[in-house]
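Chains as they are written, first to last, in the working numbering: chain P, 1 to 335; chain X, 336 to 1117. Note that the Cβ used here is the ideal one computed from N, Cα and C, for glycine as well. Just so it is clear, the structure is predicted and the values come from calculations on it, not from any experiment. The structure under discussion appears below in the form of structure tokens.
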């Protein structure tokens, strides 16, 4: 838990092979815990490496918290977990200044947000005031208490879970705050076989307990540095921009994707490219991530319809349609 | 991109539930079919330079419209397999329409064909083919031609409509249009009417503009249509000024109104038949005469009006069996019986070609009648066709002494001395001047002949047309005597008219020159359509009608009509120092039937001053005449035409394939992976595989179901080239394996289609970055 102040820019990036090895190791470890959900694991890893934050939205009991904890376990860093409840206060997250009689001074006691990976369970149970305290930390990477600014750990990942079913006594995240999360995923129910295997495995012991860290904080910082080096060509940038722009003009959407979402889409695509062993992004990276990155930031119009008249069942359909109809730029050959 | 293989599976999170992309064209609207029909009609109008009359255009368009309309209706009504049913309906409608028009009386219940119907069709097809071979342009669209036209153009229209409506490549319409244009271009080079070309181009552009994807808005289509029409208008104004006149429809020599002497008066069309650029074999004959014989069709004797006319008070018309031979030949004249067997090859005329003074004709049916006045035979009604017949005729050989002694006073021949009412006095003056030294009618006749053949007159088939005095009337003769340039009808009518001013009875005979000996069959002569000829015949008391030959450099002069001048060996050329030789370089001579071919080896003809021609002429001559003789053979010529058509059509067919191959070659030699990718993608598109611009490279690779290992090097290279840091250079991997794998994955007919009609040549989509740019601009607009 060393060295929380190492500036990223000073970190030596990994080679692609090292990176992929490390990435595969994390994937393997997590897939050992989360049976049959490789896509969710990949997204979680991508978000971690792209310096984003992850929102896991699903019904209770499908493994949201397990996923978050597994990710945290894989990284040999400081992990904290906040169970959001209606009576949780902002100071319970950020920390408080406590008066020390011995010294006659106020001393800052850091809250749980001062960790490399923060798991925010059932974030929609807390009051908006508390929620926004966390979200400010996520955005700014620092905490200001009593006029003093305390930088957060680096790398810093918030994995928040949210239960979309329960409505009573919850405060759904407003659009502006959802925008702060790089990606939203649903885990979904496991397949029959996976669920059966899980029964057998969990009978004896919790696999989480067996999970050993596969990368330390310094290694993670190097991986993040590697991701930053991934090249994004103008053609791919344009492709990302075209997709985001298309969401703003789509008749089925009341609110389109923000410029921040474009930024995060490209950033996530970098991580995906690096995990794939490439040092450049291809349009397929954008395609693969656009739904995950954009769908929680756009809002459907009431009774939204596709251009062919079919009703829109889920916002993902709209994003997928936009991906499917946006031309993929290929540069012209010189000759 | 070392981990390509797993990625090439479509990701569940990104691709699930994507709406299907439909590329099916929307049902075609009526107006597209109408535009196709208009384009076909415009192109068809170019055939007007070939077909003079016969109501062919309206009939063809009506039938085509019926067929296309049936197609269009079915296309709108039928829900599935639209293209197939529409095409079937169009073909059935075409068949029924043709049935009703051409063979209604052979059908059962108006539409059910019987074996008789198909027999009728085959007769019509044969008639049409014969018409094509035999008729000069512009031809008369007889029933056979109309049948071929209606059927062929109807088929073209139905197929063109199906292609335009059922595929995404309306430009293919150009193929039938070019096919229609090819006909006039091949038959009459240079006579393509500009109006037809422009109208067709306009209609074609309209089709292209109207044929649009369903998503296009009306405004865009209107704009495109307006642009297309504007372009055509500009072209219509600008282009004619830039074109040489030959292209702009000025009728060149050889394409004037004509057909092979089918009219009432053969002389009217004779000049046109002589000028036709594609002479055909008219007939061949074998005879026991020493040399070839002149074959007479008809006689003309009345000089009233613009043209010489036949005697209209010809006494009676009698059946062929009454033919008894000429009554005018007295016993004093030595005659010899000739037997001539004539095989008609392609000749459609009212008259039967006969040697002079026929006594019996065997081998004809009852459809022929005899005009005893001139002893000619013609069809009882309309144009008829004789196949093979044998003629026995008398060859008269009056002696010079008999001719010198003959008078020209026979009273019954007043009609042959008749002069037109307002005869230009210059004709008589010329006649008197030319015959000033002649003492007898025979000497006068010889003097007249010498007047024309003496070198002062030139043979030209075009000069009268250009000079505006083409014809045979008395006024024209006067002008001809001034211009001194013309062809056989001018010489013969002038001599006949001048003879009448000297009170010698005269008439003009129209028929064929003796033709050329057939090298394959000794004793046989081949007469082509450009051997048509006219010559004067003068009547001498007690000797009958005597042929003269005033046309210089043409035909043969009979022994009795020879002047007392030194005589050469073979050349048919008349005396005269200035006599122009047949010159292959001058256009007038190039189709001149002169040539040594018509030389009669047995004939003793004038002028030893023309060496070279004398010898060269005997064995059929120099290369030019050899080629001309070969070309004169209708079989060879039609073979050549068919070969040319095959080459042109074949060229049209393989053009896309060649173009595509050139493009492929260029791309495969390029080292840029982008070029390699374009080649692979276009090949996929040619094979009917998806290649939308909205799919990434990997998605397409997945959809093509080609072995990942084959495609991976290319995908890797392309992605690096397209999306990696441009400072890195990437070499294109060889793509032959990829192309082969793509082809192997498709059925054989797709592969054939990919070669013959590669859609990547016409289909602009996908358009890569060019699509992205306007899309971005549109989206970022407020």
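(request) Starting from the beta carbon of residue 231/P, find every residue of chain X whose beta carbon is closer than 7 Å, and list them in chain order. (result) 1059, 1060
(request) Less than 8 Å between the CB atoms is what I'm expecting for residue 57/P and residue 83/P, so what's the real figure, rounded? (result) Contact flag wrong, Cβ pair sits at about 17 Å.
(request) Using a Cβ cut-off of 7 Å, pull out every chain X residue sitting near residue 328/P, in sequence order please. (result) In chain order: 1028, 1029, 1030, 1031.
(message) Is it the case that the region 203-219 of chain P contacts the region 278-298 of chain P, given that we only count it when at least three CB pairs across the two stretches are under 8 Å?
(response) Not touching, per the Cβ criterion.
(message) Do residue 730/X and residue 658/X count as a contact pair if the criterion is CB distance below 7 Å?
(response) no
(request) Could you please give me the residues that DSSP links to residue 860/X through a beta bridge? (result) Per DSSP, the beta-bridge partners of residue 860/X are 620/X, 852/X.
(message) Pop quiz: residue 686/X and residue 633/X are said to be a contact at Cβ under 8 Å. What is the actual Cβ separation, rounded to whole angstroms?
(response) Confirmed, about 5 Å.
(message) Quick check on this structure: which residue in 1089/X, 435/X, 615/X, 403/X has the alpha carbon closest to the alpha carbon of residue 426/X?
(response) 403/X
(message) For residue 419/X, count the other beta carbons within 10 Å of its own beta carbon; 16 or more makes it buried, fewer makes it exposed. Which is it?
(response) exposed
(message) Just to confirm before moving on: does the CB-CB distance between residue 379/X and residue 512/X stay below 7 Å?
(response) No.
(request) Select from 421/X, 415/X, 382/X, 620/X the residue whose C-alpha is nearest the C-alpha of residue 524/X. (result) The shortest Cα separation from residue 524/X among 421/X, 415/X, 382/X, 620/X belongs to 382/X.
(request) If I'm right that residue 500/X touches residue 368/X with Cβ under 8 Å, what's the distance once you round it to whole angstroms? (result) 7 Å
(message) How far does the alpha helix (DSSP H) with residue 437/X in it extend, from its first residue to its last?
(response) 417-438
(request) Quick one: using the 10 Å Cβ neighbour count with 16 as the cut-off for buried, is residue 784/X buried or exposed? (result) The Cβ neighbour count for residue 784/X, taken over all protein chains shown within 10 Å, is at least 16; the residue is labelled buried.
(request) Note down the Cα distance separating residue 101/P from residue 300/P, rounded to an integer number of angstroms. (result) Between the C-alpha atoms of residue 101/P and residue 300/P there is a straight-line separation of about 56 Å.
(message) Short of 6 Å in beta carbon distance, which residues of its chain neighbour residue 375/X, apart from the five on each side in sequence? Order them along the chain.
(response) Around residue 375/X: 492.
(message) Less than 7 Å between CB atoms is the rule here; does residue 1066/X satisfy it with respect to chain P?
(response) no
(message) Please return the same chain residues whose Cβ sits closer than 6 Å to the Cβ of residue 106/P, not counting the five positions on each side in sequence.
(response) Closer than 6 Å at the Cβ level, and outside the excluded window around residue 106/P, lie 97, 99.
(request) Spell out the partners DSSP gives residue 686/X in its beta bridges. (result) Looking at the DSSP output, residue 686/X sits in a beta bridge with 713/X.
(message) I want to verify the contact list: residues of chain X whose CB lies under 7 Å from the CB of residue 325/P, in sequence order.
(response) Those are 1029, listed as they occur along chain X.
(request) Check the Cβ of residue 1014/X against every Cβ in chain P and list those closer than 8 Å, keeping chain order. (result) Those do not exist, as residue 1014/X stays about 11 Å from chain P at its closest Cβ, beyond 8 Å.
(message) To the nearest angstrom, how far is the alpha carbon of residue 486/X from that of residue 422/X?
(response) Those two C-alpha atoms are separated by around 15 Å.
(message) Taking the beta carbon of residue 28/P as the centre, do at least 16 other beta carbons fall within 10 Å, making it buried, or is it exposed?
(response) That one is exposed.
(message) Using a Cβ-Cβ cutoff of less than 7 Å, which residues in the same chain neighbour residue 370/X once the five nearest sequence positions on both sides are dropped?
(response) 538, 541, 542, 545
(request) Specify the secondary structure class of residue 103/P as computed by DSSP and reduced to three states. (result) coil
(message) Which residues in chain X have a C-beta closer than 7 Å to the C-beta of residue 283/P? List them in chain order.
(response) 1031
(request) Decide yes or no for the touch test of the region 234-245 of chain P against the region 261-269 of chain P: beta carbon pairs closer than 8 Å, at least 3 of them. (result) yes
(message) Suppose the cutoff is 8 Å on Cβ atoms and the five residues either side in sequence are ignored; what does the same chain contact list for residue 130/P look like?
(response) 84, 88, 89, 90, 92, 93
(message) Give the list of continuous alpha helix (DSSP H) stretches no shorter than 4 residues that lie fully inside the region 173-258 of chain P.
(response) Restricted to the region 173-258 of chain P, the alpha helix (DSSP H) segments that are unbroken, complete and at least 4 residues in length are 175-178, 192-204, 207-210, 217-229, 234-249, listed in chain order.
(request) Can you check DSSP and say which residues form a bridge with residue 474/X? (result) 386/X
(request) Out of 401/X, 790/X, 667/X, state which residue places its alpha-carbon closest to the alpha-carbon of residue 740/X. (result) Of the candidates 401/X, 790/X, 667/X, the one whose C-alpha sits nearest the C-alpha of residue 740/X is 667/X.
(message) Residues of chain P with CB closer than 8 Å to the CB of residue 451/X, please, in chain order.
(response) Within chain P, no residue comes near residue 451/X; the closest Cβ sits about 56 Å away, beyond 8 Å.
(request) Closer than 6 Å by C-beta to residue 782/X: which residues in its own chain qualify, once you throw out the five before and the five after it? Chain order, please. (result) 769, 770, 773
(request) Return the first residue and the last residue of the alpha helix (DSSP H) that residue 879/X is part of. (result) Where residue 879/X is concerned, there is no enclosing alpha helix (DSSP H), although the beta strand (DSSP E) it sits in stretches over 879-882.
(message) Does residue 145/P come out as helix, strand or coil in the three-state DSSP assignment?
(response) Residue state, collapsed to three classes: strand.
(request) Assign residue 192/P to one of two classes, buried (16 or more other C-beta atoms within 10 Å of its C-beta) or exposed (fewer than that). (result) Exposed: under 16 other Cβ atoms inside 10 Å.
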